[in-house]
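In the working numbering, the protein residues as written are 443 to 479. The beta-carbon is built from N, C-alpha and C at its ideal position, and this holds for glycine as well. Only a predicted model underlies this, so the values are computations on that prediction, with no experimental measurement involved. Here the structure is laid out as structure tokens; the discussion comes afterwards.
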């Protein structure tokens with residue numbers, strides 16, 4: 443059970459990292475578009 447929980451935590455952490463990276467990228471893109479205008 444502990445191993446499964448640990449693996450799930452790792453998967454969640456990876457998903458959070460990916461979503462944060464995507465959010466940061468989209469945010470940077472928005473800033474770039476705004477600065478261009």
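Keeping to the same chain, check which residues put their C-beta closer than 8 Å to that of residue i; ignore five residues upstream and five downstream.
| i | result |
| --- | --- |
| residue 445 | none |
Who are the near neighbours of residue i in its chain, counting only those whose CB is closer than 6 Å to its CB and skipping five residues on each side?
| i | result |
| --- | --- |
| residue 460 | none |
Open item on the list: List, from N- to C-terminal side, the beta strand (DSSP E) runs of 3 residues or more that fit wholly inside the region 446-475.
Closed with: Runs found: none.
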